[in-house]
Amino acid sequence: MPGNVDNPANIREEDSEPPCLTSRGIEFIERQGDAPWCCRLSHIKPHWPSVAPAPCHAMYGPEDMLPPVRSQDAFINAPPVMKAMMTSQVGRAFPEEATRGTGLRGCMGLIKPCDDQMGGLFDHRKRSWRNDATLIAVTSDHRHFMGDLWLGEKTFFQNAASRGPGAADHLRPLRRGRCHP
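By my numbering, the letter at position 41 of the sequence shown is numbered 25, and the numbering carries on one by one without gaps.
Have a look at this one:
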């Protein structure tokens, strides 16, 4: 884990990806007027490098971290392919508490601006858009193990990495079949 993760990124939070991307998305949606539209905002953070802008870089400490999900038995009895990943450079680094904690704090610092921007997007939607015809879906393409299962990256199709969270928000009750406002 790079030693600069605990330092702020060299960009102001308001100039970072999440606020810029969200404001561009809102501008696009507003230009559509009453016409149907589809907009995909892809907030890729947290993603390497895990360096968050101030003040988010210092918002979380060791007390905010959950313990890793792993057992010594799983490490000892791992199949050869899994054992190779567990003992790779990344696999060896993340089970170390200092590396894991630093990495998680960096990731959580990168999630905070995304969370703030999503809240702003939802508030703007309630004030400005056709709420009865707007669906917002939030998904994740993957997670990182960050020391869980003795792994570091998004290796393999384990539930911990491939089953990211998802949520949908729609202010009108949904019905089966084709719906028009």
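Heads up, the beta-carbon is just placed ideally off N, CA and C, and yes, glycines get one too.
Under 9 angstroms between C-beta atoms of residue i and residue j
i, j, result
"P33", "P97", "no"
"P(-8)", "P30", "no"
"S44", "L88", "It should be noted that the sequence gives Tyr, not Ser, for residue 44. Result yes, Cβ atoms of Y44 and L88 sit closer than 9 angstroms."
"R(-4)", "P46", "no"
"A42", "D(-10)", "yes"
Straight-line gap, residue i to residue j (C-alpha atoms, nearest Å)
i, j, result
"T71", "L5", "38 angstroms"
"S112", "E11", "12 angstroms"
"M(-15)", "V35", "Low confidence applies to M(-15): its pLDDT is 48, below 50, so where it sits in the model is not reliable enough to give any reading."
"M92", "Q101", "15 angstroms"
"S0", "V122", "20 angstroms"
"M69", "A117", "46 angstroms"
"W21", "I120", "12 angstroms"
"D99", "Q56", "35 angstroms"
"G90", "K110", "31 angstroms"
"T14", "H108", "Residue identity differs from the one stated: residue 14 is Glu in this sequence, not Thr. Straight-line Cα distance between these residues: approximately 10 angstroms."
"D18", "R84", "48 angstroms"
"F78", "E(-2)", "30 angstroms"
"A82", "R76", "12 angstroms"
"N(-12)", "G103", "29 angstroms"
"T86", "R24", "31 angstroms"
"K67", "S26", "33 angstroms"
"D129", "L94", "Here the sequence assigns Phe to residue 129, which means Asp is not the residue at that position. For F129 and L94, the distance between alpha carbons rounds to 17 angstroms."
"I28", "M49", "22 angstroms"
"Q16", "E80", "50 angstroms"
Opposing strand residues paired with residue i [DSSP bridges]
i, result
"T86", "None; T86 has no bridge partner."
Inter-residue CB distance, residue i and residue j (contact presumed, cutoff 8 angstroms)
i, j, result
"P52", "G131", "4 angstroms"
"V74", "E137", "5 angstroms"
"R54", "W134", "5 angstroms"
- Task: Run through the stretch -13 to 36 for me and flag every whole beta strand (DSSP E) of 3 or more residues, listed as ranges in chain order.
- Result: none
Requested in this report: Pick out the complete alpha helix (DSSP H) segments inside the stretch 52 to 100, 4 residues or longer, and give them in chain order.
Outcome: Counting only runs that start and end inside the stretch 52 to 100, the alpha helix (DSSP H) elements of at least 4 residues fall at 56 to 60, 64 to 70, 73 to 77.
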